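In this note's numbering, each number is its position in the sequence shown, counted from 1, plus 946.
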Amino acid sequence: MSVLQQEVVIGPRFTAKLTELLIQASQKRSDRRADVLRRWLPLLMVALSTHISSDSWDYSMVLNCTEIDDVLEKYYLSPCYGIEFCIGFPGNLLVILGYIFCLPKWQSCNIYLFSLAVSDLLFLCTLPRLSYLYANDRTETSPSACVINRYLLHVNLYSSILFMVWLSMDRFLLIKHPTHNHCLLRPRTALILTALSWLAVNVEVAPMISLMVNDLQSGNESRCKDFASLSGDIDALGYSLGLTLTGYFLPLLGLCGFSYQIAHLLRVQERSVQRRAPSFKRPLRVAASAAVMFLVLYTPYHVLRNVRIASRQAWAGLQLCTRKYIEGLYILTRPLAFLHSVVNPVFYFLMGDKFRELLFAKLRKLVRRRQQQRQPA
């Protein structure tokens, strides 16, 4: 039992005993000190009762703040992850199947979008297990599943924005070189950039895997922690700040830069673009929308993740409840950051050129064929 609990439990008995002793002392004295004791006894009782009540209230506050993460994981993370899976998985699966079976000729933008859909789908497959564990207050039973889950999560987090950068670059070059004569518009170049992107993201995430393995080996194999709660030989705060810079901030600058270049190019070609406004202005809308999406979804997550890691450091000197409140805010940003996997399929239909028409034509053909099979001969 803690000192605070002992004070709360023995406080009333201590107060009663002290009152009895003071009364006995005051009855045995007839001098002025007895009058002083009787005069100050009520004030002393009020002070003691207030102290005990304050300690009880502080103890209940400590109990309440330590439960914030458990409550949010069960009643916030679990349903959010379940909803994101139910919406995002069918959309990304439809895009992947559509690209495989409906697209006869692949262009560079199709390669970037297909890679983005594969990354999103792999990540979304990890959400049902997370949602189940959080909903039932269970811990991860498999250390390897914990590592794979966190690996796919962060690879998707940083590969998504990187593929969007290449897609915005592709749209900019397409406007500048409508005849597709630029080397970066070739499918082979897109494959090389995609492979390099996967490699770069894996290099970025590799230290996190080392952190997770060290944390699991330190005796916490039953607890699958998120990145901001890991501890190991690597400086978690420095690594997180570096990952924020290279994995998020620089790609976001790239998105904003290509959006600006597309807008500038359209203004320069304003007269010639007027006759083809819908097809030429669409890349600007998509690039700008992607930049805004990642700015809104990723910024709170990265800011709170770094604040959460910093709050755990000894030099921060924060109280337990303050650290728990910061952790609660960080938990709120996690489903928001992963929402991009649900929103990304919208870009496939906006940027897929003829993909939307081919996909709808294929679906209509399948529906007609199924209706004909149901009709009696």
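Ideal Cβ placement from N, Cα and C applies to all residues, glycine included.
Model, not experiment: these values are computed from the prediction.
Does residue i come out as helix, strand or coil in the three-state DSSP assignment?
| i | result |
| --- | --- |
| Thr-1355 | The structure shown does not extend to residue 1355, since the chain is modelled only from 947 through 1323, so no value can be given for it. |
| Ile-1138 | helix |
| Thr-1072 | coil |
| Phe-1204 | helix |
| Gly-1034 | helix |
| Gly-1263 | coil |
| Lys-1270 | helix |
| His-1100 | helix |
Hey, would you say residue i sits closer than 8 Å to residue j, going by beta carbons?
| i | j | result |
| --- | --- | --- |
| Ile-1272 | Val-1253 | yes |
| Ser-1287 | Asn-1102 | yes |
| Ala-1182 | Ser-1054 | no |
| Ile-1180 | Ser-1156 | yes |
| Trp-1052 | Pro-1133 | yes |
| Arg-1251 | Ala-1174 | yes |
| Val-1041 | Pro-1291 | yes |
| Leu-1266 | Cys-1011 | yes |
| Leu-1059 | Phe-1031 | no |
| Leu-1108 | Leu-1068 | no |
| Ile-1255 | Leu-1023 | no |
| Asn-1082 | Ala-1063 | no |
What separation, rounded to the nearest whole angstrom, lies between the Cα atoms of residue i and residue j?
| i | j | result |
| --- | --- | --- |
| Thr-1085 | Leu-1079 | 6 Å |
| Asp-1001 | Gly-1028 | Caution is warranted here: a pLDDT of 46 is assigned to Asp-1001, below 50, making its placement in the model unreliable, and the coordinate value is therefore given only provisionally. Rounded to whole angstroms, Asp-1001 to Gly-1028 spans 41 Å at the Cα level. |
| Gln-1317 | Ala-1307 | 15 Å |
| Gly-1188 | Gln-1163 | 25 Å |
| Asp-1116 | Thr-1140 | 13 Å |
| Phe-1118 | Val-1017 | 46 Å |
| Ala-1237 | Gln-1207 | 13 Å |
| Arg-1169 | Tyr-1194 | 28 Å |
| Gln-1319 | Arg-1310 | 14 Å |
Return the chain-ordered list of same chain residues with a C-beta closer than 6 Å to the C-beta of residue i, the five sequence neighbours on each side being excluded.
| i | result |
| --- | --- |
| Leu-1264 | Ser-1257 |
| Ser-1114 | Leu-1201, Phe-1204 and Ala-1233 |
| Ala-1283 | Leu-1243, Tyr-1244 and Tyr-1247 |
| Phe-1035 | Leu-1070 |
| Ile-1014 | Lys-1270 and Gly-1274 |
Who are the near neighbours of residue i in its chain, counting only those whose CB is closer than 7 Å to its CB and skipping five residues on each side?
| i | result |
| --- | --- |
| Thr-1192 | Glu-1150 |
| Pro-1074 | Phe-1031 |
Keeping to the same chain, check which residues put their C-beta closer than 8 Å to that of residue i; ignore five residues upstream and five downstream.
| i | result |
| --- | --- |
| Ser-1143 | Ser-1061, Ser-1105, Leu-1108, Phe-1109 and Trp-1112 |
| Ile-1057 | Pro-1133, Ala-1136, Leu-1137 and Thr-1140 |
| Met-1239 | His-1286 and Val-1289 |
| Leu-1211 | Phe-1118, Ile-1121 and Lys-1122 |
| Asn-1148 | Val-1101 |
| Gln-1259 | Leu-1183 |
| Val-1093 | Ile-1155, Met-1158, Val-1159 and Leu-1162 |
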